[in-house]
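Written below as C-alpha cells is the structure these notes are about.
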Amino acid sequence: MMKNFFLTLLLILVTVFTFAGNPDKKGVIKGVIRDSITNQPVEFATIAVYKAADQSLVDGAITGETGDFKIRKLDPGTYYLEITFIGYKTKRIENITISKDAQIQDLNEVHLSMTAENLAEVEITAGTPSIEYQIDKKVIHVDKQITATAGTAVDILETVPSINVDAEGNVTLRGSSGFQVFIDGKPSILDPNDVLQQIPASAIADIEIITNPSAKYDPDGTAGIINIKMKKIRLEGFNGIINASVGTYGRYGGDFLFNYRKNAFNIYFGADYNKRVNPGYSEYNRDTYVNDSTFKTVATGDFESIRISWGVRGGVEINPSKNDYINIGGRLGYHERTGTTNRNYDEWIEPGDIHNPYLSYESSFRSADFYSVSLDYSHSFKKDGHSLTAQVIYDHRISDELNKNELLETDSTIRNAQQSTEKGPAGRLRVKLDYTLPIGENDKFETGFQSRNIIADDDNKLYNYDPDTDDFILIPEYSNMTDYKRDIYALYAIYSGKVKNFGYQAGLRGEYTYRRIKSENNTSDSTFIIDRMDFFPSVHLSYDFLKENSLMASYTRRIERPRGWYLEPFITVQDAFNLSKGNPDLEPEYIDSYEMAYQKRFKKNFFSLEAYYRITHNKIERVSQVYQDNIMLHTYENVGKDYSLGGELMLSVDLWKWWH
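This is the structure in C-alpha cells:
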C-alpha cells in the first residue's frame, strides 16, 4: 500500500513538472521583506511601484508568509518602490531599471526598521483591503474591522462572507459545522466553537478562511480551516498592549500582551479573559406516532447560556543565526459553558383530550482545563524561498461534563429526574516537517511529513432520581468506560508555479490511519478497530486578465471523521424524552469539493463572485426511532450521498475617506 502511495506521488510530480514554461518577457521586480532586528519575514507589507519620470503608481503587491513579493509585467523604464507596514518606517528604494538586458531585478532582502510610534495611534490606510483573496484562501485583516475593538473572534466572523453565527454564537462555515480552527497554524484541542468564543478580537491580527485547503494541510473537516493569527509586538525593548471591552447582557472581557525584545532574542507573555451571556426564548412542538395513537407535546420556556474562559500564553523566540529561527511557546487555559432551560409542558394523547401539564428544568455544565506546548524551528537556505521547518506540539485536556434533567409537577414536586456525567483526559502529540524548494523563476516544490497521535479516556455515568432517598442512584448498565486511540501518519507533495498570467498548484496527500475504540461496562466489553490508507489530491488554478481581473478554480478531496460521541456504543440520556447511542461501525465521510471565483479590483474597492459545489460520500445522519412511549432513541448511520451547492457575492466600496 505504501509502495503504491509513493508511486502515485512520483507520477504527480512528473506530470506537474511538464507545466513549467518560459518566464514572462516583461520586467519583474522581486525580493523579500524582513524585520531589521529579528530578520523575520514581514507578512502583509504593502509594495507600491511608481514610475520615476512622473511618480505615477504602476502596480503593487502584498508580501506573503515568507515576506516574499514579485511584481510582473513591467515595461522597460526606471521605477522606485515604497514599502509600508504598520509599526515600521516607510522604506523607499530608488533607481530600479528594467531593460532588455535586465528584465529581472532581484532586490534580495529588504529590511524594515521599527518606528517608535504608539501602535494605537498609527493610522490604518486603505492600501490593503479588509478582506484579501489569495489562490487558496481569504485573509481578513482584523485591524480594518470595526468589531476588532471588542468581543471575540465570533464577532469578527459575523461580518465575513462564508460564515454564519447563530443566537448562541455557534459558527458554521458555508453551512457546515465541520471545520478546523488553528491558532497561528497550530490546531486547538478544544471544540472549534469554544476556541472562537474564547479568543478576544483585540488580540487577533488576521483570520484566514481556507475553504479548499491544499494537500499541505490536514484534510479533516467538510468546510475547511479557520486559521487565527495572533498579534505580535516587534518593537525593540519592553512593550505592551492592553485591551478591555464591555457589552450588553453582562458581557465583558480583556486581554494584554507584553514582550521584551533585544537583538535576536524576544520573550513574550499575555493573558485574556472573556465572559459571554446569551439569553433566549424557545418553543417546542413534538408529535410521536405509535400504532394508532399520537403522543403530542408542546413546551415553551426561557434559556440562558453563559460562556467563561481565560487563558495565558507565553514563549521565547531566538534567532541563533541570520537563517535560523526557534520559538518555544505554550498556552494554559480554562473554558466553561453553563446552560439552563425552564419549560412549561403540556402533553396529551390523540384520540383523546386528557391534558397532562408539568414543568421541566434542564441544566448543563461543561468545562475543560487545557495546556499546549510547542517547539518551532525554521531554516532559510541561501536561495529565497528555500526553507525547512519543523514543529512539535503536545496538547492536553481534562474535560468535565454534568447534565441534569428534572420533570416537575405543577406544585414543583419531582416526578422524574436523571443526571449524567462525563469526564476524562485527552492527550495529543503532533509532529510536522515541511520542506520548500523554489524551482526556476516562478515554480516551487513542497513536501512534508506529519504524525498525529491521540489517546483519550472517557468515564460516563448515569444516575436516576430516587424519591425515597431524595438522591440520585447510579445505574451500572448505562455507565461505561471508553478508551480511544488514533494514529495518523501523512506524506504530501505539491508543485506550484506560474506561466505568464496562468497560475497553478497540484498536490497529493496520503494518510495512514489506525483507530481503536474499547468500551466496557458491567455487562459487556467491546473493541472496534479501523486500519486504512486514504489519498487526498488537490488542484488550484488562477488566471489574471485585463486589468485587476482574476479567475480562480480549485478541487480538493477531504474527510470528515465521526466525532467521539458518534462512536460510543452505549445509550446515554439526553433528557426525559431523548436517548442517544453511538455507532462504532460508522465510516468517515469523504468530500469532493469544487470552487470557482471571479474577482475585480478597482482602486481601493473590489468585487467578488464565488460558487462552490460539494459531494459528500458516506453521509452521516442522525436516525431516530421510538424507544418507548414518547421516548426517542437517536443513533447515527451512513446513509449515502449528499450534494451541496452555494454561491457568495461581495462588494467592498469606500464611499468617503471616513467610510469603513
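The sequence shown: position 383 = 383 (the working numbering), numbered continuously. Ideal Cβ placement from N, Cα and C applies to all residues, glycine included.
- A Cβ-Cβ distance of about 11 Å is found for the pair ILE226 and ILE199, leaving them out of contact under the 8 Å criterion.
- Here ILE349 has SER293, THR294, PHE295, LYS296 as same chain residues with Cβ atoms under 8 Å from its own Cβ, once five neighbours each way along the sequence are excluded.
- Burial is judged here by how many other beta carbons sit within 10 angstroms of a residue's own beta carbon; HIS141 has at least 16 and is buried.
- Contact annotation: the stretch 609-629 does not touch the stretch 440-452, with fewer than three C-beta pairs closer than 8 Å.
- A direct Cα-Cα distance of roughly 6 Å separates LEU332 from ARG313.
- LYS51 places its beta carbon 9 Å or farther from that of THR90.
- Note that the stretch 171-188 touches the stretch 215-230; at least 3 beta-carbon pairs, one per stretch, sit closer than 8 Å.
- For GLN55, the three-state secondary structure derived from DSSP is coil.
- Residues LYS600 of the same chain have their beta carbon placed closer than 6 Å to that of ASN549, with the five preceding and five following residues left out of the count.
- With contacts defined as CB atoms closer than 9 Å, ILE62 and THR38 fail to qualify as a contacting pair.
- In terms of CA proximity to ILE326, HIS379 leads the group GLU132, GLY385, PHE258, HIS379.
- If you draw a straight line from the Cα of GLY254 to the Cα of THR447, it is about 40 Å long.
- If you draw a 10 Å sphere on the C-beta of VAL139, you find 16 or more other C-beta atoms in it, and that means buried.
- Per DSSP, GLN197 is not a residue of any beta strand (DSSP E); the alpha helix (DSSP H) it occupies stretches across 192-198.
- Sixteen is the threshold: since fewer than 16 other Cβ atoms of the shown chains lie within 10 Å of the Cβ of MET533, the residue is exposed.
- Rounded to whole angstroms, GLY503 and ILE439 show a C-alpha spacing of 14 Å.
- LYS404 and MET650 have their C-alpha atoms roughly 45 Å apart.
- Collapsing the DSSP output to three states places ASP470 in coil.
- Note on geometry: alpha-carbon atoms of LEU474 and GLU422 lie some 13 Å from one another.
- In the three-state scheme derived from DSSP, where H, G and I count as helix and E and B as strand, LEU567 is classed as helix.
- In the structure shown, VAL42 falls within a coil segment according to DSSP collapsed to helix, strand and coil.
- In the DSSP annotation of this structure, the continuous segment of the beta strand (DSSP E) that includes ALA417 starts and ends at 414-439.
- If you check the CB distance, TYR361 and THR341 come in under 9 Å.
- Straight across, the Cα-Cα distance linking LEU429 with ASP346 is about 50 Å.
- Bounds of the beta strand (DSSP E) holding LEU645 are 642-652.
- In this structure, DSSP gives ALA611 an extended state, which the three-state scheme calls strand.
- Residue pairing for SER624: DSSP places it in a beta bridge opposite HIS634.
- Boundaries of the beta strand (DSSP E) harbouring ALA271: 265-290, taken from the DSSP string.
- Around the beta carbon of TYR249, fewer than 16 other beta carbons sit within 10 angstroms, so the residue counts as exposed.
- When beta bridges are read from the DSSP output, ILE62 appears opposite THR46.
- Comparing alpha-carbon positions, the option among TYR260, MET230, PHE256 lying closest to ASN239 turns out to be TYR260.
- Under the three-pair Cβ rule at 8 Å, the stretch 529-544 counts as touching the stretch 509-518.
- Just measuring C-alpha positions, the residue of SER554, GLN628, ILE83 sitting nearest ALA576 is GLN628.
- Ranked by how close their Cα comes to the Cα of ASP59, the residues GLY424, PRO279, PHE602, ASN323 have PHE602 in first place.
- Within the DSSP secondary-structure output, HIS540 pairs in a beta bridge with GLN505, SER554.
- Going by DSSP, ALA244 is part of the beta strand (DSSP E) stretching over 237-246.
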